[in-house]
Structure formats: C-alpha cells, structure tokens
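Report on the structure given below.
In the numbering used here, the protein residues as written are 111 to 193.
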C-alpha cells in the first residue's frame, strides 16, 4: 500500500500543471491540519500509552510541516514584491 501511495503521489506531483501548484499545496496543508487534529484526539488517552506518544509525534511533525509551508509562502511572496 505504501509503495502504491508513493507511486500515485509521484505521478500526481509531476503531472500537475504549473497553474495548479498553489491549490495542490493548500490541500497538503489541509491534510497536515487533519493529522494534527487526529494527534490531538490520540493524546487525550492514557499518558503512557503508545498511541499517546505517536499522537504527540504526529502533532510535532504536522506543526513543523505547516510552519514550513507558511515560511516558504512568505519567501515566495517577497520575491514578487517591488523593491
């Protein structure tokens, strides 16, 4: 399943037209938001369970992904501003 998901993802990314890159990136940020919400639900369990630890890791990685997306967007917007 993982290899199939990687192949389909690769095909989608490389075959998308340049005009559709922005909507594609917004969808990936939405997916990261859903992962963070799922991690928050998992953290509400017992504090020593494996699912709580995995939920915390999911929240951390999802937050890094969203923050990185915003930083890259800011850098791209600065490229198009007049000096």
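Even for Gly, the Cβ is constructed at its ideal location relative to N, Cα and C.
Just confirm the distance between the C-beta atoms of residue i and residue j, as a whole number of angstroms; I'd bet it's less than 8 Å.
{"i": "residue 158", "j": "residue 152", "result": "About 13 Å; that fails the 8 Å criterion."}
{"i": "residue 150", "j": "residue 169", "result": "7 Å"}
{"i": "residue 179", "j": "residue 135", "result": "7 Å"}
So, for residue i: in the same chain, excluding its five sequence neighbours on each side, which residues have a beta-carbon less than 7 Å away from its beta-carbon?
{"i": "residue 164", "result": "152"}
{"i": "residue 156", "result": "162"}
How long is the line joining the alpha carbons of residue i and residue j, rounded to whole angstroms?
{"i": "residue 119", "j": "residue 125", "result": "10 Å"}
{"i": "residue 188", "j": "residue 132", "result": "16 Å"}
{"i": "residue 185", "j": "residue 137", "result": "19 Å"}
{"i": "residue 122", "j": "residue 190", "result": "27 Å"}
{"i": "residue 117", "j": "residue 148", "result": "25 Å"}
When the distance is taken between beta carbons, is residue j closer than 8 Å to residue i?
{"i": "residue 139", "j": "residue 167", "result": "no"}
Once the 5 residues before and after residue i are set aside, which same chain residues still bring their CB inside 6 Å of it?
{"i": "residue 154", "result": "none"}
{"i": "residue 181", "result": "none"}
Between residue i and the ligand ATP, is the CB less than 7 Å from at least one heavy atom?
{"i": "residue 158", "result": "With respect to small molecules bound, the structure shown includes none, and the ligand ATP cannot be examined in it."}
Given 8 Å, three or more beta-carbon pairs between the segment 143–152 and the segment 113–128:
no
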